[in-house]
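First the structure, in the form of structure tokens, and then the observations on it.
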Amino acid sequence: MARTVPSRETVRPWRPGRLPAVGAVALVLAAGAVAPAQGAAADDAKGGQKVLTVAVSQSVDSLSPFLAQRVISSSVHRLMYEYLTNYDPKDGHAVPGLATSWKASPSKLTWTYTIRKDSKWSDGQRTTADDAAWTFNKMMTDKGAATANGSFIANFKKVTAPDPTTLVIELSKPQATMTALDVPIVPRHVWEKVGDFSKFNNDQAFPVVGNGPFVLTDYKVDQYIKLKPNKSFWRGAPKFDELVFAYYKDNDAAVAALQKGEVSFVSNLSPAQASSLKSTPHVKVNDAPGRRFFALATNPGAQSRDGKKFGDGNPALLDPKVRRALFAAVDRKALVDKVFQGHATEGEGYIPPRFADYFWKPAPEQKIPYAPAKAAALLDEAGYRAGPDGKRVGKDGKPLDLRLLCHAIDPNDKAVSKYLQEWWGKLGIGLEVGCVDNVTDPWTAGEFDLALDGYSVNPDPDYVLSIHTCAALPATPKATGQTDDFICDRRFDELYARQLAEYDTAKRADLVKQMESRLYDTGYMNVMAYPNAVEAYRTDQIESITTMPEAAGNIYGQDGYWSWWSAVPAAGSAAKSGGGSSAGVVLGIVAGAIVLAGLASFLVLRRRAGADDRE
């Protein structure tokens with residue numbers, strides 16, 4: 001499921017599968033009209049403030065950095081809290097964050113970080129090594145606090161803060177991610193008062209104390225997230241007076257708002273939307289290689305770490321020949337050309353080509369090409385032969401009918417589903433498409449056969465690999481795990497442990513590629529495409545903004561805070577209807593039906609999540 005979490009913002013990635021059902025107030029908009037709503041952001045515009053308004057459609061799962069896994073949530077946490085290290089916007093290598101430097105012992109089992117002296121919490125207190133030590137120790141001792149980022153501290157043995165500027169982490173075994181710990185450091189004096197970390201969402205008292213470039217000042221579910229510049233941020237305060245993430249369930253409505261100057265930025269544009277915006281005055285379209293993959297996920301039989309099976313996945317999919325046959329009947333080039341209209345590249349390995357060190361593609365003899373005849377032969381070998389009516393029937397006499405889980409408001413999901421129905425139907429396989437608003441419940445319950453999945457990948461691939469390990473399964477059928485698709489493969493786990501312990505960059509990259517090869521061969525996760533990051537912003541509101549990577553990269557959902565922190569207001573751009581009332585447009589759009597005549601619904605993807613997108 002796209003965690004569109006754990007890029008991991010890193011943004012984690014968003015997982016499409018984690019979007020809750022959005023109901024409540026329905027607001028119908030007449031043909032092309034966007035009605036401004038009442039809200040605090042609209043009031044800000046009256047003061048002439050420069051407000052950067054970002055249209056989003058993904059719902060926040062939690063504003064607690066210990067629980068959040070979606071791209072929108074982890075992106076906000078990148079703005080609110082410092083991490084020990086950051087990623088350079090030019091090429092993604094590790095650069096100082098809260099830590100100014102770090103060094104490992106000869107055994108590489110002890111890591112010492114020097115914590116900067118010029119970082120302050122937004123309430124005025126100094127940030128110290130004790131805050132970092134407390135954050136990691138809480139995750140090590142409280143399962144609730146390890147919900148989102150537990151994989152990062154799995155090998156931690158002891159964490160101490162000998163003095164305010166020294167953090168020492170002792171490991172039980174080598175861990176190659178010590179300069180890529182995507183864990184927000186929180187203020188101990190605030191968070192030690194929290195009771196149940198598995199339930200505390202950090203969304204009741206504002207402003208929220210942080211030490212990042214922005215301070216969270218207000219939040220309304222499926223309406224807006226508001227942040228103000230942190231004037232004491234050590235790298236320098238952001239240049240806009242306010243940053244607003246404004247919720248639009250319908251991306252066409254967001255595009256219309258951008259054209260009117262009512263919002264500053266829109267992401268996840270469809271090819272048609274991008275094309276129309278290229279001729280819009282004062283709008284710049286950014287179309288660059290993305291950090292996501294779009295995949296077909298197979299339910300391998302939902303299970304928990306205690307060995308209990310649950311869900312109702314079709315047992316036919318436990319046969320690797322059936323899984324291979326399904327993928328052999330997918331024309332990935334056709335999907336790139338017809339669904340993404342060229343704004344994507346054909347899927348191969350698990351890590352997108354943007355991350356060249358870890359990008360893998362199958363050798364010619366290993367690759368599963370589009371070959372319907374071969375797919376039919378594999379199904380025959382698996383015991384699913386076509387009857388007189390053309391329908392595939394198993395040895396038990398039951399037809400081979402499968403269910404596909406997808407997102408109701410994502411046109412890509414809908415379009416791909418139709419192609420799959422057509423291609424697999426020709427093989428004699430029945431496909432029931434279930435595009436629903438809430439994919440989270442059936443996904444986590446294991447009540448699906450196949451699903452359209454995706455994830456945003458970080459410069460360090462450890463997290464997106466970890467979600468396919470046996471350790472990522474839920475502890476019990478009722479518990480929440482970090483797993484993406486209930487995969488538990490011992491060979492994959494062995495390779496995962498080896499890459500995590502390998503400090504040699506080239507050797508580690510080779511192990512990661514072996515893991516991708518294993519995922520490909522097992523057929524539980526079949527990558528169909530790598531979508532581009534297609535987004536646009538108003539040049540009369542934003543003069544300049546940093547992409548990541550700077551040469552040709554994305555703006556939304558970066559592995560860091562570079563885009564919104566670096567954004568420079570355009571000269572004379574004092575919050576037009578878009579700076580403040582731009583957000584106001586959205587503040588009143590609650591999760592209901594938003595109808596624009598002749599325009600189709602569109603969902604911003606991420607970690608996929610479901611997984612888009614976890615960062």
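Note that this note's numbering numbers the sequence shown so that position 81 is 81, with each residue one more than the last.
Every residue gets a Cβ at the ideal spot worked out from N, C-alpha and C, and that includes glycine.
Just so it is clear, the structure is predicted and the values come from calculations on it, not from any experiment.
- Just measuring C-alpha positions, the residue of 329, 425, 520 sitting nearest residue 373 is 329.
- Excluding residues up to 5 positions away in sequence, 144 lie with their Cβ nearer than 8 Å to the Cβ of residue 199 in the same chain.
- With respect to residue 79, residue 243 sits close: the two C-beta atoms are nearer than 9 Å.
- Apart from sequence neighbours up to five positions away, the residues of its chain that approach residue 231 with a beta-carbon distance below 7 Å are 237, ordered along the chain.
- Straight-line spacing of the CA atoms in residue 393 and residue 468 works out to 31 Å.
- Look at residue 427 here: in three-state DSSP terms it is coil, with no helix or strand label.
- At a Cβ-Cβ threshold of 9 Å, residue 129 and residue 165 count as neighbours.
- Taken through DSSP and simplified to helix, strand or coil, residue 121 comes out as coil.
- Secondary structure note for residue 139: its alpha helix (DSSP H) is the uninterrupted segment 129-141.
- The C-beta distance from residue 466 to residue 360 rounds to 17 Å, too long to fall under 8 Å, and the pair is not in contact.
- Residue state for residue 111 is assigned as strand, using DSSP reduced to three classes.
- In the pairwise beta carbon analysis, the segment 174-191 is classified as touching the segment 490-502: at least three pairs are separated by under 8 Å.
- Residue pairing by DSSP places residue 240 opposite no residue, since no beta bridge is assigned to it.
- Straight through space, the alpha carbons of residue 57 and residue 250 are spaced by roughly 7 Å.
- Cα atoms of residue 246 and residue 149: separation of roughly 26 Å, rounded to the nearest angstrom.
- For residue 251, the enclosing alpha helix (DSSP H) stretches over residues 251-259.
- Look at residue 274 here: in three-state DSSP terms it is helix.
- Annotation for residue 415: 339 place their beta carbon closer than 7 Å to its own, counting only its chain and skipping 5 residues before and after.
- The C-beta distance from residue 422 to residue 312 rounds to 25 Å, too long to fall under 8 Å, and the pair is not in contact.
- Taking 9 Å as the cut-off, the Cβ atoms of residue 304 and residue 475 count as close.
- Taking the C-beta atoms as reference points, residue 547 is found no nearer than 9 Å to residue 450.
- Nearest C-alpha to residue 109 among 142, 169, 141: 169.
- Annotated three-state conformation of residue 488 is coil, per DSSP.
- Considering only 537, 454, 515, 495, the residue with the shortest C-alpha distance to residue 70 is 454.
- A residue is called buried when at least 16 other Cβ atoms come within 10 angstroms of its Cβ; residue 326 meets this threshold and is buried.
- Judged by DSSP in its simplified three-state form, residue 407 adopts strand.
- Boundaries for residue 456: no alpha helix (DSSP H) harbours it, while the beta strand (DSSP E) harbouring it runs 450-456, taken from the DSSP string.
- About 5 Å separates the beta carbon of residue 483 from that of residue 473, a gap short enough to meet the 8 Å contact definition.
- Between the C-alpha atoms of residue 235 and residue 488 there is a straight-line separation of about 43 Å.
- CA-CA distance, residue 413 to residue 436, rounds to 11 Å.
- Judged by DSSP in its simplified three-state form, residue 535 adopts strand.
- Inter-residue distance for residue 519 and residue 352 is about 14 Å (C-alpha atoms, whole angstroms).
- In chain order, 209 place their CB closer than 6 Å to the CB of residue 123, counting only its own chain and leaving out the 5 sequence neighbours on each side.
- Residue range 283-288 is occupied by the beta strand (DSSP E) that includes residue 287.
- Cβ contact annotation for residue 310 (same chain, cutoff 8 Å, sequence separation greater than five): 302, 303, 304, 445, 446, 477, in chain order.
- DSSP places residue 72 in the uninterrupted alpha helix (DSSP H) bounded by 71-80.
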